[in-house]
Every structure is written in structure tokens, then in C-alpha cells.
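For what it's worth, our numbering labels the leading residue of the sequence shown as 43, then goes sequentially.
All C-beta atoms, glycine included, are put in the ideal place defined by N, C-alpha and C.
Data first, discussion second: the structure below is written as C-alpha cells.
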Amino acid sequence: SHIMQNGLERMYGSGGPEGQGEDVIFYLTVYNEPVVQPAEPEGLDVDGLLKGVYHFSDGPDLGPDAPKVQLLASGVGFPWILDAQRLLAQDWGVSADLWSVTSWNELAREAGEAERWSLLHPDEHARVPFVTTQLGSGHGPFVAVSDFMRAVPLQIARWVPGDFHALGTDGFGFADTRPAARRFFNVDA
Numbered sequence: 043s044h045i046m047q048n049g050l051e052r053m054y055g056s057g058g059p060e061g062q063g064e065d066v067i068f069y070l071t072v073y074n075e076p077v078v079q080p081a082e083p084e085g086l087d088v089d090g091l092l093k094g095v096y097h098f099s100d101g102p103d104l105g106p107d108a109p110k111v112q113l114l115a116s117g118v119g120f121p122w123i124l125d126a127q128r129l130l131a132q133d134w135g136v137s138a139d140l141w142s143v144t145s146w147n148e149l150a151r152e153a154g155e156a157e158r159w160s161l162l163h164p165d166e167h168a169r170v171p172f173v174t175t176q177l178g179s180g181h182g183p184f185v186a187v188s189d190f191m192r193a194v195p196l197q198i199a200r201w202v203p204g205d206f207h208a209l210g211t212d213g214f215g216f217a218d219t220r221p222a223a224r225r226f227f228n229v230d231a
């Protein structure tokens, strides 16, 4: 895809991976249900995409007094927050900004490394984790939605610059269909 090619060129240059014997691993998550993913947003933050989270869209302008929320999701969960953005505005007067998380794990890993570096260099300015900087412009609570267990998005909780809530599917056998299971775990729109 264009995004993958653009990302690889940013990581390695246009000539592909440099050096002999360098290991590069890519993975795709495949679901056995149709999920329409949105088109690449205008002015895509490729750096954010590669580091683990990028701002997808602002919420609708509902006036200066409208409550705000920041919705974060990954993969198959992203269409749910698109629907939630519409429902929150239409039914509750809440403006929801959307964030696409490409790697909860990478965000947590980088934040842990920044924290460790700061611990080992007490005489220098502390490093601020990427997730903290990236989400720093968000107003209102942050709600993370995942088709995985809550523990996956909870990895970044300590570095999110605000009130953080994680929703996930912690268990199985509670419903006969995926939509019913998502309703049970409150991870649908």
C-alpha cells in the first residue's frame, strides 16, 4: 500500500533496507469478517503512524461549551469510533476527536525507554514519551477501544496526558455473534 511504501522509505530510504542480513518483520492482522477501513486522511501524519498513534480527525464543531472526548482505537475497532463520533454529537452534544492507534505495544515500549533514559540521566531534561506529546493537544477524557483485552490499551495509561479509560473484550462465550459480544463488552459504537 501507499502508506506501507511511504513508511518504509522514511525508515530506510528509497533503496529499501540497507545492509546485509538486516531482519525486518511485518505483520498483518486478518479478521474473518468484512470491515471497511476509512480512506487515508488528508495530510496523514506518517511519523505518528509509524510510531504508534496519529490524529485522524477533529470532532464536529458543536460550539465552545460542548463537552469534548478523545477516542482512540486500532484495527477493527476503528469503525466503531467513527460511528461513536456521530452518535455522541447527534444524541449527546459531545464532540469526539478520533485517533488511530497503529501499535499500543510500540507506544508503551517507547514510553518505557524514555522513562528509563530519564532515570539514568537525572542531570538532563527528562524525555517525554511520544504518546504524551502526540496526545497533548487533546481535551477531555481519553477513551481507548480495542477488540483485544483491556490490558492491551492499558499499557499506555500512565503516559496519556489526561483521564484515561480503556474498553476491551476481557473474556469469551458471552454472546453468539460478534456484534452481540461487542455490545456485551461495550466496545461497539
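Could you say which of the options lies nearest to residue i if we only look at CA atoms?
{"i": "D200", "options": "T174, W122, L161, G135", "result": "Here residue 200 is Arg; the residue named in the question, Asp, does not match the sequence. R200 has its Cα closest to that of T174, out of T174, W122, L161, G135."}
{"i": "D100", "options": "A186, Q197, D139", "result": "D139"}
{"i": "Q176", "options": "G90, E157, R128, E148", "result": "G90"}
{"i": "A131", "options": "P83, F190, P102", "result": "P102"}
{"i": "H181", "options": "V187, I123, Q112", "result": "Q112"}
{"i": "S142", "options": "E152, D133, F98", "result": "F98"}
{"i": "K93", "options": "W159, E148, S179", "result": "E148"}
{"i": "S145", "options": "G178, D133, L129, F120", "result": "F120"}
{"i": "I123", "options": "L104, P106, Q79, W159", "result": "Q79"}
{"i": "P203", "options": "V66, V170, R192", "result": "V170"}
{"i": "G85", "options": "Y96, L104, R128", "result": "Y96"}
{"i": "L241", "options": "H207, D65, D133, V66", "result": "Shown here, the chain extends from 43 to 231; a query on residue 241 therefore has no answer."}
{"i": "P183", "options": "E157, D205, V77", "result": "D205"}
Give the C-beta separation of residue i and residue j to the nearest angstrom, bearing in mind that I take them to be a contact with Cβ-Cβ under 8 Å.
{"i": "G108", "j": "S137", "result": "Here the sequence assigns Ala to residue 108, which means Gly is not the residue at that position. The Cβ separation is near 5 Å, so the contact holds."}
{"i": "A153", "j": "I198", "result": "7 Å"}
Is residue i buried or exposed, if buried means 16 or more other CB atoms sit within 10 Å of its CB?
{"i": "H163", "result": "exposed"}
{"i": "P83", "result": "exposed"}
{"i": "M46", "result": "Note that M46 has pLDDT 49, beneath the 50 cutoff, so the model's placement of it is unreliable and the number below is only indicative. By the 10 Å Cβ count, M46 comes out exposed."}
{"i": "G135", "result": "exposed"}
{"i": "G210", "result": "buried"}
{"i": "E155", "result": "exposed"}
{"i": "L161", "result": "exposed"}
{"i": "G55", "result": "Residue placement at G55 is flagged as unreliable, the pLDDT there being 46, under the threshold of 50; the coordinate-derived value follows with that caveat. Burial call: exposed."}
{"i": "G178", "result": "exposed"}
{"i": "F166", "result": "Reading off the sequence, residue 166 comes out as Glu, not Phe. Per the 10 Å Cβ criterion, exposed."}
{"i": "A150", "result": "buried"}
{"i": "V72", "result": "exposed"}
{"i": "A193", "result": "exposed"}
{"i": "A208", "result": "buried"}
{"i": "P195", "result": "buried"}
{"i": "E51", "result": "Residue confidence for E51 is low, a pLDDT of 48 falling below 50, so the modelled location carries little weight; the figure read from the coordinates is stated next. Exposed: under 16 other Cβ atoms inside 10 Å."}
Within the present structure, is the beta-carbon of residue i separated from the nearest heavy atom of the ligand SAH by less than 7 Å?
{"i": "R128", "result": "By its list of ligands, the structure shown contains no ligand whatsoever, and the ligand SAH lies outside what it can speak to."}
Open item on the list: Extract the residue ranges of the beta strand (DSSP E) inside the region 189-214, only unbroken runs of 3 or more that lie entirely within it.
Closed with: 206-209
Open item on the list: If contact is defined by three or more beta carbon pairs under 8 Å, each pair taking one atom from either stretch, is the region 185-196 in contact with the region 114-126?
Closed with: Verdict: yes, contact present.
Task: Complete alpha helix (DSSP H) runs within the region 114-174 (minimum length 4 residues, chain order) - done: You should have 120-129, 146-162.
Task: Entirely enclosed beta strand (DSSP E) segments - the region 79-110, minimum 3 residues - done: 95-99
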